[in-house]
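If you read the sequences in order, they're chains A and B.
Heads up, the numbering used here is the position in the first sequence plus 156, with the first residue counted as 1.
Heads up, the numbering used here is the position in the second sequence plus 37, with the first residue counted as 1.
Just so it is clear, CB atoms sit at the ideal spot from N, CA and C, and this is done for glycine as well.
A quick note: this is a predicted structure, and the numbers were derived from the prediction, not measured.
Written below as structure tokens is the structure these notes are about.
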Amino acid sequence: MTEKLLTEMSYDEMNALIDNYIDHSSQQSSEMPASAFLTLLFENLAKRAKQVFEVEGCVIDGKLVLIQPEIMTADLYVQNNQIVIGDQRIVVRLSALN
Amino acid sequence: MSNENLLSFRIKQGFTKEHEFVFTRYLQDDRHLTIDMWRLLYEAVALLDQSEVHFDQTRYTFRQVYNLYIDQAFADEYIEQLVLLPDVITQFPSLTATFARRIVSTLEQAQLRSRSIPQSILLLAYCVYWWQSFTRGYAFEIEVKRDLEASQIIFDMHDIRSRAERYSPADLVVLTLMGDIKTSTYFLQESSEQALPNDFYITRMYEQGHAKTLVVFQKPFAWRRIGGRSVIPGELENVLKLLPRPVQVTQANTVLVVVEYATWKVLVKQTQKRGGVNND
């Protein structure tokens, strides 16, 4: 890390840096590589997924039956084809494939 | 009395020399940043968001200075001029640079820049950084909007000339699917506090050795909604190499399907034709 940091530059060096930045960043060409973008995107998504619940189920007599996961939480309740998370209710319906 | 006696900065604790190094490097040339550097850059900007400047007997965060002196002063005017450009791709860089230089002057005139206080350059650089991200993002959005119109895709889109609509949850709706149009860097900055709320995202990606590619990444149900079928599994490092075949990327519990924008448009158009299109 031998290059000068922003706050170590002279006033003229700072001005030149900002001026050059404006020139090159005004072009559309500033993008991060796809692999970096996807890596950071999935990292962000993983951070947001604070808790993951896996719900298993099976089809009995043509109807979906979900099973209450073993993990106990007041926010999650599963019954038949419905999952209740807090005040949200998810109803899963089976449909025939085209 | 000079303002320099009244101006002071408090850079958020945790902003290290490494953060400043990466920020400096980014401003000089962002083409050779590693993933770790990009990660540090976003941390640096987040810390600068919360850094403070004290002047006129008031304390402002850098974010508040940006909102007050830059966004509220220039954003509407910039967008008004941007939407009038006949060829946004070739003409927006000059417009963007003109506004960015006005921002530099504005901060200097507001006496928020001082020769004797080196930290004041961090505020200036922070404001220009956000401004450039903002302007590139909306130029890209107009580019895509015009292309969708030319391609006769039916869609509803927010009016970016309206400040309120710029903050709408989605940029556009296609076949009842909610979508966003973002440059990749702006996307990560904007979404840092949110989940992935929309169904699809139009962005531009590149990898060394590949031309820039417009892509759509989407949730699996959105892919099926436009009639998408088989996909091949991909890794973070090889998505662009696998295109134009639709690529499914799975990490932890998240699955996304990445396709070329051209492919996505064809499928959307076919679905709209089949279904007698509407976005209701």
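Within-8 Å CB hit, THR243/B to chain A: Sequence index remark: in the second sequence, residue 243/B carries index 206 (1-based). First, the residue type needs correcting, since residue 243/B is Tyr and not Thr in the sequence shown. Cβ-Cβ to chain A under 8 Å: yes for TYR243/B.
Entirely enclosed beta strand (DSSP E) segments - the region 248-302 of chain B, minimum 3 residues: 250-255, 269-271, 284-288, 291-297
Straight-line gap, SER229/B to ASP217/A (C-alpha atoms, nearest Å): Translated into positions along the second sequence, residue 229/B becomes position 192. Translated into positions along the first sequence, residue 217/A becomes position 61. Unreliable positioning characterises SER229/B in this predicted model, as indicated by a pLDDT of 48, which lies under 50. The coordinate reading is nonetheless provided below. Spanning the two alpha carbons is a distance of roughly 45 Å.
Chain-ordered neighbours of ASP168/A on chain B, where CB pairs are closer than 8 Å: The residue labelled residue 168/A in the question sits at position 12 within the first sequence. The premise fails here: ASP168/A is roughly 10 Å from chain B at the closest Cβ pair, so nothing lies under 8 Å.
Beta bridge counterpart(s) of MET215/B as assigned by DSSP: The residue given as residue 215/B occupies position 178 in the second sequence. For MET215/B, which the question treats as bridged, DSSP gives the partners VAL210/B.
Residue span of the alpha helix (DSSP H) that contains ARG76/B, given as start and end: Residue mapping note: residue 76/B aligns to position 39 of the second sequence, counting from 1. 72-86 is the extent of the alpha helix (DSSP H) around ARG76/B.
Range covered by the beta strand (DSSP E) that runs through THR212/A: Translated into positions along the first sequence, residue 212/A becomes position 56. Looking at the sequence provided, one finds Glu at residue 212/A rather than Thr. Its beta strand (DSSP E) spans residues 212-216.
C-beta neighbour in chain B for PRO189/A, strict 8 Å: On the first sequence, residue 189/A is found 33 positions in, with the first residue counted as 1. Yes, PRO189/A lies at the interface with chain B (some Cβ there is under 8 Å from its Cβ).
The region 53-70 of chain B / the region 166-180 of chain A touching (three or more Cβ pairs under 8 Å): yes
The ligand MG heavy atom lying under 7 Å from the CB of PHE171/B: With respect to the ligand MG, the structure shown offers nothing to examine, as it has no ligands at all.
Whole-angstrom distance between CYS214/A and ASN254/A, CA atom to CA atom: The residue you call residue 254/A lines up with position 98 of the first sequence. The residue you call residue 214/A lines up with position 58 of the first sequence. Since pLDDT at ASN254/A reaches only 47, below the 50 mark, its modelled position is unreliable, and the value read off the structure follows with that caveat. C-alpha separation (whole angstroms): 21 Å.
THR61/B - containing alpha helix (DSSP H), residue span: Locating residue 61/B in the second sequence gives position 24, where the first residue counts as 1. That run of the alpha helix (DSSP H) goes 54-65.
Contact with chain A by PHE60/B, beta-carbon distance below 8 Å: In the second sequence, the residue the question calls residue 60/B occupies position 23. Answer yes: the Cβ-Cβ gap between PHE60/B and chain A drops below 8 Å somewhere.
Neighbouring residues, chain A, relative to PRO234/B (Cβ below 8 Å): Against the second sequence, residue 234/B aligns to sequence position 197. Under the 8 Å cutoff, chain A gives no residues; its nearest Cβ is about 11 Å from PRO234/B.
Contact check, PHE46/B vs LEU85/B, beta carbons under 8 Å: Locating residue 46/B in the second sequence gives position 9, where the first residue counts as 1. Locating residue 85/B in the second sequence gives position 48, where the first residue counts as 1. Not in contact: PHE46/B and LEU85/B (Cβ atoms no closer than 8 Å).
Nearest-angstrom Cβ-Cβ length linking LEU201/A and THR291/B, presumed shorter than 8 Å: Position 45 of the first sequence, counted from the first residue, corresponds to residue 201/A. Position 254 of the second sequence, counted from the first residue, corresponds to residue 291/B. Indeed, because the Cβ distance is near 5 Å, the residues count as touching under 8 Å.
Contacting residues, own chain, Cβ-Cβ under 6 Å from ALA176/B (five flanking each side not counted): Counted from its first residue, the second sequence places residue 176/B at position 139. Closer than 6 Å at Cβ, skipping near neighbours: VAL125, PHE129.
C-alpha distance - THR98/B paired with GLU89/B, whole-angstrom precision: Locating residue 98/B in the second sequence gives position 61, counting from the first residue. Locating residue 89/B in the second sequence gives position 52, counting from the first residue. So the alpha carbons of these two residues sit roughly 4 Å apart.
Three-state secondary structure assigned by DSSP to SER45/B: Stepping through the second sequence from its first residue, residue 45/B is reached at position 8. Reduced to three states, the DSSP call for SER45/B is strand.
C-alpha distance - ARG139/B paired with ARG266/B, whole-angstrom precision: On the second sequence, residue 139/B is found 102 positions in, with the first residue counted as 1. On the second sequence, residue 266/B is found 229 positions in, with the first residue counted as 1. ARG139/B and ARG266/B: Cα-Cα distance of roughly 49 Å.
Interface residues of chain B facing LEU222/A [CB-CB closer than 7 Å]: Working through the first sequence from its first residue, we reach residue 222/A at position 66. In chain order: nothing, as chain B lies at least about 17 Å away.
ASP236/B vs LYS219/B beta-carbon contact at 8 Å: The residue given as residue 236/B occupies position 199 in the second sequence. The residue given as residue 219/B occupies position 182 in the second sequence. In this structure, LYS219/B does not lie closer than 8 Å to ASP236/B by Cβ.
First and last residue of the uninterrupted beta strand (DSSP E) at THR163/A: As a first step, residue 163/A must be located in the first sequence, where it is residue number 7. Looking at the DSSP string, THR163/A is not in any beta strand (DSSP E), and its letter there is neither H nor E.
C-alpha gap between ASP113/B and THR127/B, whole angstroms: Position 76 of the second sequence, counted from the first residue, corresponds to residue 113/B. Position 90 of the second sequence, counted from the first residue, corresponds to residue 127/B. Cα to Cα, the separation comes out at about 21 Å.
Under the three-state DSSP convention, the category VAL248/A falls into: Taking the first sequence and counting its residues from 1, one reaches residue 248/A at position 92. Of the three classes helix, strand and coil, the one that applies to VAL248/A here is coil, per DSSP.
is_contact[SER251/A, chain B] using C-beta, thresh 8 Å: Taking the first sequence and counting its residues from 1, one reaches residue 251/A at position 95. So, not an interface residue.
Euclidean distance between Cα positions of ASP73/B and SER191/A: The count along the second sequence starts at 1 and reaches residue 73/B at position 36. The count along the first sequence starts at 1 and reaches residue 191/A at position 35. About 12 Å.
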